[in-house]
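There are 2 protein chains.
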Amino acid sequence: MTTSHTHPVHPAGVERAIAGTVPRADAQSLAELLTLLADPVRLRVLFALASTEELCVGDLAMALEISMDQSSYALKQLRTAGLVQARRDGRVMYYRLADGFPHQLLDHCLRQLLTISDQENRT
Amino acid sequence: MTTSHTHPVHPAGVERAIAGTVPRADAQSLAELLTLLADPVRLRVLFALASTEELCVGDLAMALEISMDQSSYALKQLRTAGLVQARRDGRVMYYRLADGFPHQLLDHCLRQLLTISDQENRT
DNA sequence: CGTACAACCGCACGATCGTACGGATATTCC
DNA sequence: GGAATATCCGTACGATCGTGCGGTTGTACG
Numbered sequence: 001m002t003t004s005h006t007h008p009v010h011p012a013g014v015e016r017a018i019a020g021t022v023p024r025a026d027a028q029s030l031a032e033l034l035t036l037l038a039d040p041v042r043l044r045v046l047f048a049l050a051s052t053e054e055l056c057v058g059d060l061a062m063a064l065e066i067s068m069d070q071s072s073y074a075l076k077q078l079r080t081a082g083l084v085q086a087r088r089d090g091r092v093m094y095y096r097l098a099d100g101f102p103h104q105l106l107d108h109c110l111r112q113l114l115t116i117s118d119q120e121n122r123t
Numbered sequence: 001m002t003t004s005h006t007h008p009v010h011p012a013g014v015e016r017a018i019a020g021t022v023p024r025a026d027a028q029s030l031a032e033l034l035t036l037l038a039d040p041v042r043l044r045v046l047f048a049l050a051s052t053e054e055l056c057v058g059d060l061a062m063a064l065e066i067s068m069d070q071s072s073y074a075l076k077q078l079r080t081a082g083l084v085q086a087r088r089d090g091r092v093m094y095y096r097l098a099d100g101f102p103h104q105l106l107d108h109c110l111r112q113l114l115t116i117s118d119q120e121n122r123t
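Here it is in structure tokens:
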């Protein structure tokens, strides 16, 4: 199957599809955000931060029972994306959800998705 | 940095983190669902299907200006996950969002995430 | 039957990602 | 200054994923 689009349109419902189409750029940036969220470690980090305001790398690793590498790496990714922010106190870095973090993202979307994925896994 | 957890807890906010912890299995299945959504092609396919009820592989490819391989592959993934369902009519396969598909997922969550990712990209 | 067409499969390639390891950096305390 | 500690960096490895290509299946039509 090549990329040939000699395709004579069967239903003209294609028009509706084109009308409701998400631009490539938007889909791209949304996909990048979802990619960031689509990791078990990062998800658990977000939920952990949401329930305790502030945590350092080592304590987070302990709480989630993950390696400090994983904790540090996850926090770096989330920080780079602007979802969490850091504060230094001596030799300890404390991380928290960023100002303006959409808490509804966790409270509604993700918990709802959790329900969905639970349903799917029971099938 | 090894996996050493000789970590004496600094703040006992670790307790709160542990309390609000998402189980590994839940985080895993949620991450899998998010991984499925975290692709530009699949996202655009979902939005396209949401706006036109039913589409075949070729027409979808034409509407989104993607290859038929991409269209077919994306639909297969989404179908395997149970998010879309298929109907055969002659030699044409028509795809639609699955019965019980959480339309709010697109209408609320994803469009909201789109706004967020837009904000981040403007930074 | 044989051609035409839609959709799919098998495969391999390139790209991306998460992890683990060793070592580096920054900061505190003696 | 020097040891100890918390975090981070550079690197390499394995695993996963999306894409494109050729070929295959299933269906229609003359």
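Protein sequences, first through last, are from chains A and B.
The first sequence begins at 1 in the numbering used here and counts up one residue at a time.
The second sequence begins at 1 in the numbering used here and counts up one residue at a time.
Every residue gets a Cβ at the ideal spot worked out from N, C-alpha and C, and that includes glycine.
Along the chain, where does the beta strand (DSSP E) that runs through residue i open and close?
i	result
Leu-97 (chain A)	92 to 97
Val-84 (chain B)	84 to 89
Looking only at C-alpha atoms, which of the options sits nearest to residue i?
i	options	result
Gly-20 (chain B)	A:Leu-97, A:His-108, A:Leu-105, A:Ala-63	A:Ala-63
Leu-113 (chain B)	B:Met-93, B:Cys-56, B:Ala-38	B:Ala-38
His-103 (chain A)	A:Val-41, A:Leu-30, A:Phe-47	A:Phe-47
Lys-76 (chain A)	A:Glu-32, A:Leu-36, A:Ala-25	A:Leu-36
Val-41 (chain A)	A:Leu-106, A:His-10, A:Ala-86, A:Ala-74	A:Ala-74
Ile-18 (chain A)	B:Leu-30, B:Ile-66, B:Leu-33, B:Asp-26	B:Ile-66
Ile-116 (chain B)	A:Glu-32, A:Met-68, A:Ala-86	A:Glu-32
Ser-29 (chain A)	A:Gly-58, A:Gly-13, A:Ala-81, A:Asp-69	A:Ala-81
Arg-111 (chain B)	A:Gly-13, A:Ala-86, A:Leu-34	A:Leu-34
His-10 (chain B)	A:Arg-79, A:Val-57, A:Leu-78, A:Asp-69	A:Val-57
Is the closest heavy atom of the ligand FMN to the C-beta of residue i under 7 Å?
i	result
Lys-76 (chain B)	With respect to the ligand FMN, the structure shown offers nothing to examine, as it has no ligands at all.
Can you find the residues in the same chain that come closer than 7 Å, C-beta to C-beta, to residue i, ignoring five residues on each side of it along the sequence?
i	result
Leu-49 (chain B)	Leu-55, Val-84, Tyr-95, Arg-96, Leu-97
Phe-101 (chain B)	Leu-83
Leu-106 (chain A)	Leu-46, Phe-47, Ala-50
Less than 8 Å separating the beta-carbons of residue i and residue j?
i	j	result
Arg-44 (chain A)	Val-92 (chain B)	no
Thr-52 (chain A)	Arg-24 (chain B)	no
For the alpha helix (DSSP H) that residue i lies in, which residues bound it at each end?
i	result
Phe-47 (chain B)	40 to 50
Ser-71 (chain A)	68 to 80
Val-22 (chain B)	Element bounds for Val-22 (chain B): n/a, residue is neither H nor E.
Asp-59 (chain B)	57 to 64
Using a Cβ-Cβ cutoff of less than 6 Å, which residues in the same chain neighbour residue i once the five nearest sequence positions on both sides are dropped?
i	result
Leu-60 (chain A)	Ser-71
Excluding five sequence neighbours on each side, which residues of the same chain lie with their C-beta closer than 8 Å to the C-beta of residue i?
i	result
Arg-88 (chain B)	Tyr-94
Asp-99 (chain B)	Gln-85
Met-68 (chain B)	Val-57, Gly-58, Ala-61
Could you give the DSSP three-state label for residue i: helix, strand or coil?
i	result
His-108 (chain A)	helix
His-103 (chain A)	helix
Glu-54 (chain A)	coil
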